[in-house]
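Heads up: the sequence shown runs through residues 1 to 120, numbered per our numbering.
We put the CB at the ideal spot given by N, CA and C, even for glycine.
Quick notes on the structure that follows.
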Amino acid sequence: MERAGNSKADKKKVKKVHVRTGDVVLVLKGKDRGKRGKVLRVIPKEGRVVVEGVNIVKRHTKPSRKVMQGGIIEKEAPIASSKVMLVCPRCQEPSRMGRRRLENEGVVRVCKKCGEVIDK
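Here it is as structure tokens:
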């Protein structure tokens, strides 16, 4: 019998994800390498993101009350957040991001290539 607080689920930590919903990212690895897309959803517990138009999978669905017509539906599946890189909105280049503390705004994300503030 396991002691309280020693299960594997308790040991899993939430990973820090470097992108946010709405960011434009470039895919670095995998079958969709080189594609750009907008982040639709971030899953911090798994360290994964859902990117628009990337990692398309087919789901076979049955008819239900929500979806009257069943069939094969194509939708985006999550990919690891380490496989994407943020694209700077100003210079349109994929770049790493830094953090800078501003007096009136707190901590903001900054493009490492051009120095532009990413958060608005």
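Residue i, buried or exposed, once every other Cβ within 10 Å from all chains shown has been counted against 16
i          : result
residue 33 : exposed
residue 41 : exposed
residue 48 : buried
First through last residue of the beta strand (DSSP E) which encompasses residue i
i          : result
residue 71 : 71–76
Residue i to residue j span [Cα, whole Å]
i           : j          : result
residue 115 : residue 55 : 31 angstroms
residue 38  : residue 13 : 26 angstroms
residue 30  : residue 72 : 23 angstroms
residue 35  : residue 63 : 33 angstroms
residue 46  : residue 92 : 28 angstroms
residue 53  : residue 23 : 14 angstroms
residue 97  : residue 43 : 20 angstroms
Cutoff 8 angstroms: residue i Cβ touching any chain B Cβ
i          : result
residue 94 : Looking for chain B here will not work: only one protein chain is present.
For the pair the region 71–80 and the region 95–109, tell me if three or more CB-CB distances fall below 8 angstroms. no
Quick one: any contact between the region 44–62 and the region 107–117, if contact means 3 or more CB pairs under 8 angstroms? no
Pairs of beta-carbons, one from the region 83–98 and one from the region 65–73, closer than 8 angstroms: are there three or more? no
Complete alpha helix (DSSP H) runs within the region 4–57 (minimum length 4 residues, chain order): 8–11
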